[in-house]
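**Q**
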Amino acid sequence: MADTLPSENMREEKPTENGQKKTNKTKRVAEDDDQDEIFQLKESVEDDESDSESSVYSGLEDSGSDSDSEVEGLDEVQLDEVQLDEVNLDEVKLDEVKLDEVQLEDNLTNDNVNKKDEYEQDSSDEEDIRNTVGNIPMEWYKDFPHIGYNLDGHKILKPIRNKDELDEFLDKMDNPDYWRTVHDKQTATDVVLTDEQVALVKRLQRGQFGDVNFDEYQPSVDFFTKDVMLHPVTNRPADKRSFIPSLTEKATVSKMVNAIKMGWLKPCRPRDDDDKGRFYDLWGNEDSSQVANHRMHLPAPKTPLPGHQESYNPPPEYLFTDEEKALWEQQDPSDRKLPFVPAKYGALRHVPAYPRFIHERFERCLDLYLCPRQRKMRVNVDPEDLIPKLPKPKDLQPFPTIQSLVYRGHGGLVRSISISPSGQWLASGSDDGSVRFWEVNSSRCVKVVQVGGAVKSLSWNPNPTLCLLAVALDTLVLILMPSLADRQIIRNSEQLLATRPEAQSAQSAEVPAQWSDAEGDEHQQGFRVKIKHPKEIRQVAWHAKGDYLASVMPDNSSHQQVLVHQLSTRRSQNPFRRNKGLVQCVSFHPLRPYFLVATQRYIRIYNLVKQEMTKKLQANSKWISSMAIHPGGDNIICGSYDCRLNWFDLDLSTKPYKMLRHHKKAVRAVAYHRHYPLFASASDDGTVIVCHGTVYNDLLQNPLIVPVKLLRGHVITRELGVLDVTFHPTQPWVFSSGADGTIRLFT
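In case it helps, our numbering puts the sequence shown at residues 495 to 1241.
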């Protein structure tokens, strides 16, 4: 009971919050008790000193039993009591001691009641650190069995850690304090954190202050205000060094002056304002001198101005319906017209932060950084002005416009037609095995010759002094004399065919074709000469003088695809030794000794005098079907099965000058007019397109090509339309033959 009395008196005499002193009466009553309390205070102080001295070596050696220390502490307290009896303490000192009594009251009570070791939970650095190596990285000892040395120089061995993964997992499952246990590398021990330490770690992880009682929002004391104060903040007198020059600065300046004199230190050049403009913001100021003087200055791309849909209170028609919003969410972000959904708010302060702000700012920076550094001159031009000015069709007359006559009588496909040089007679060959001769002006069939097979091609001799017709069927070329001219022309034709060369019999075995004369009924029908070929014939073509005839036999397996026949000598020859493609058609040049051979993709021009190839034209087509030469000889047109018509200028290039794609199906035949600037093309779509093609004598002026008329009339039969087309030799008329078995005249 005596031990508890001082503590009770201490609670009664505890100073008040207002800091008022106790009365003298209270002091006299408690004077005797205070002396006993002082004895206990001194005893506790001596205990602390004794423990602190032994705690220095607590980590190295055993400090002994606790009972011995308590006996030594009691002896010291008795000595102090004898000394305190002889000392008369003043009241002022007693008041000071009472302040310490209040602080030590709880510790004394706990020691008496619980009697626990006061250093059990102490975490001072001197007691926890077991090694004496100092504050060095512990990685230096990772390959050694010890971790330091004690005062005697002996190694402090590392604790044996024989835990494997399984032990670690079991410890994690069973130990409730596993989550707050950390391994101290410096002492090689596991430390369990207290609640205060865990709370401190959590506060630091959240970015808060370590001290709980620290108020980061406490009001700041404004020492300096805008008002002029009567007294200064500090009234300290000025130092003596503020009135005399600095010796240190004097020495530094002297060294710099000497360095400048010796040339070691170069004075800094004065900064010019122009140097600041060496690096400038390209998009910062559009009117700056550096940007404005740039020859290829580009204005920065402007940000589009916001519209009504971007308002916080947009009109109702700009708000999305449920269907529009669902469609907007299903669309790809790159396909959306708006990157956001328009919303309506009652006030501007209700508008939340825009989530795409940073993303759009980043894209804006990319737009400025990746802006193309090339100026594009925009010219306000009417699109119609870019279309070339073509003359009106009325200014290009005459040309065929309407269908005038229809020649009917064939029972099959009319594959080929040809007109006489005089323009009076028209010959046609059909798959029904007949060749018909028509009078052009009356469309009357004056003669029918049965040739005994489907006629693939026929051609009237272009020489006006002769009246001969070449007909190709199967492997034969028949030379017919229709006798549709005056007697002199018929007599000239008979004399040409009646000549017999002397060496014909000797050379008959060497020639590739066999010549024979028609006799009997065939002679009466008009047959004169038969030329037997080794392959099936597709086309025949006359030379302009009428003595030479070329025939085409397309076959990749044979080198005899083109043969040239001469009527006056009745000789046939193969002009080519080897193939250079599948030959489609051939033609003689109207003025020069040139021979044109068209394969599937190329047109080769051969010089008959020099016997060499002079030019190779490249048609941008997959399969050439037909070919025609301008009467001037410098331009060529060719049709193809891929619906294209190519115009070649021989003086310009080996590639097409113009490519016309007016037809919707394959182009079967093309033709030039001999005197008028007209050319026509026939196609399987059942149409004939007539174009105006003016060729100028000036080589620097390009030909004028203008489509003028689309002629219709043929009926598409078995997916075939117009098979052949030819012009009248003197009139601006065009003849066409089709798969419907008719021949039509357009004038």
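Ideal placement from N, C-alpha and C gives every residue a C-beta, glycine not left out.
Per DSSP, what kind of secondary structure is Arg-1238 in: helix, strand or coil?
**A** strand
**Q** Short of 6 angstroms in beta carbon distance, which residues of its chain neighbour Ala-966, apart from the five on each side in sequence? Order them along the chain.
**A** Lys-950, Ser-951, Ile-1031 and Val-1034
**Q** Would DSSP call Ala-964 helix, strand or coil?
**A** Ala-964 falls in the strand class under three-state DSSP.
**Q** If you drop the 5 nearest sequence neighbours on each side, which residues of the same chain put their C-beta closer than 7 angstroms to that of Lys-649?
**A** His-640 and Tyr-643
**Q** From the DSSP output, read off the bridge partner residues of Glu-1106.
**A** Asn-1101
**Q** Quick one: what's got a C-beta closer than 7 angstroms to Pro-1084's C-beta in the same chain, skipping five residues either side?
**A** Ala-1038, Ile-1123, Pro-1125 and Gly-1127
**Q** By Cβ distance, which residues of its chain are closer than 7 angstroms to Thr-1188, with the 5 residues on each side in sequence left out?
**A** Pro-1171, Pro-1197 and Leu-1198
**Q** Any idea if Pro-894 is buried or exposed, counting beta-carbon neighbours within 10 angstroms, 16 or more meaning buried?
**A** buried
**Q** Could you tell me which of Val-706, Leu-963, Glu-823 and Tyr-1135 sits nearest to Leu-832, measuring between CA atoms?
**A** Glu-823
**Q** Throw me the rounded Cβ distance for the Thr-1181 and Leu-1214 pair, which I believe falls under 8 angstroms.
**A** So it is not a contact: roughly 13 angstroms between Cβ atoms.
**Q** Assuming Ala-1113 contacts Cys-1137 under a Cβ cut-off of 8 angstroms, what Cβ separation, rounded to an integer in Å, is found between them?
**A** Between Cys-1137 and Ala-1113 the Cβ distance is about 13 angstroms, and since that is not below 8 angstroms, they are no contact.
**Q** Please state whether DSSP places Asp-678 in a helix, a strand or coil.
**A** Secondary structure at Asp-678: strand, using DSSP grouped into helix, strand and coil.
**Q** For Asp-1234, count neighbouring Cβ atoms within 10 angstroms of its own Cβ and tell me buried if that reaches 16, exposed if not.
**A** Buried, because 16 or more other Cβ atoms sit within 10 Å of the Cβ of Asp-1234.
**Q** In this structure, does DSSP put Asp-579 in helix, strand or coil?
**A** With a pLDDT of only 43 at Asp-579, under the threshold of 50, the placement of this residue in the model should not be trusted; the figure read from the coordinates follows. In this structure, Asp-579 counts as helix in the three-state DSSP scheme.
**Q** Rounded to whole angstroms, what's the CA-CA distance from Asp-889 to His-1169? Just pull it up for me.
**A** 17 angstroms
**Q** If distances are taken between C-alpha atoms only, which option among Thr-683, Arg-697 and Ala-682 comes closest to Asp-689?
**A** Closest by alpha carbon: Arg-697.
**Q** Is the distance from the Cβ of Ile-1025 to the Cβ of Leu-970 below 8 angstroms?
**A** yes
**Q** According to DSSP, is Tyr-1190 part of a helix, a strand, or is it coil?
**A** Assignment of Tyr-1190 by DSSP, reduced to helix, strand and coil, places it in the coil class.
**Q** Nearer than 7 angstroms: is that true of the beta carbon of His-1053 relative to any heavy atom of the ligand ZN?
**A** Absence of the ligand ZN from the depicted structure is noted, as is the absence of any ligand whatsoever, leaving it without description.
**Q** Answer yes or no: do Pro-1150 and Ile-913 have a C-beta to C-beta separation smaller than 8 angstroms?
**A** no
**Q** Buried or exposed, going by whether 16 or more other CB atoms sit within 10 Å of the CB of Gln-1078?
**A** buried
**Q** Please state the DSSP three-state secondary structure of Lys-981.
**A** Per the sequence shown, the amino acid found at residue 981 is Arg instead of Lys. Arg-981: helix per DSSP, three-state reduction.
**Q** If we count the other Cβ atoms within 10 Å of its Cβ and call it buried at 16 or more, is Arg-930 buried or exposed?
**A** buried
**Q** Going along the chain, which residues of its own chain have a beta-carbon closer than 8 angstroms to the beta-carbon of Ile-984, five neighbours each way excluded?
**A** Cys-961, Met-975 and Ser-977
**Q** What is the rounded straight-line gap between the Cα of Ser-1002 and the Cα of Gln-1060?
**A** Caution is warranted here: a pLDDT of 46 is assigned to Ser-1002, below 50, making its placement in the model unreliable, and the coordinate value is therefore given only provisionally. Cα to Cα, the separation comes out at about 14 angstroms.
**Q** Any idea if Arg-1238 is buried or exposed, counting beta-carbon neighbours within 10 angstroms, 16 or more meaning buried?
**A** Under this definition Arg-1238 is a buried residue.
**Q** So, is Leu-990 buried or exposed, given that buried needs 16 or more other C-beta atoms within 10 angstroms?
**A** buried
**Q** Look at the alpha carbon of Glu-1242 and the alpha carbon of Trp-919, and state the distance between them as a whole number of angstroms.
**A** Residue coverage of the chain in this structure runs from 495 to 1241, which leaves residue 1242 outside it and unanswerable.
**Q** What's the call for Leu-1154, buried or exposed, on a 16-neighbour Cβ count within 10 Å?
**A** Looking at its Cβ environment, which holds 16 or more other Cβ atoms inside 10 Å, Leu-1154 is buried.
**Q** Would the beta-carbon of Ser-924 fall within 8 angstroms of that of Gly-906?
**A** yes
**Q** Rounded to the nearest angstrom, what separates Ala-921 and Pro-958 at their Cα positions?
**A** Each residue's alpha carbon lies about 15 angstroms from the other.
**Q** Just how far apart, CA to CA, sit Trp-1227 and Leu-884?
**A** 23 angstroms
**Q** Where does Val-1161 land, buried or exposed, given buried means 16+ other C-beta within 10 angstroms?
**A** buried
**Q** Short check: CB of Ile-973 to CB of Ala-979, under 8 angstroms?
**A** no
**Q** Counting C-beta neighbours from all protein chains within 10 Å, is the total for Leu-1090 16 or more, i.e. buried, or is it exposed?
**A** buried
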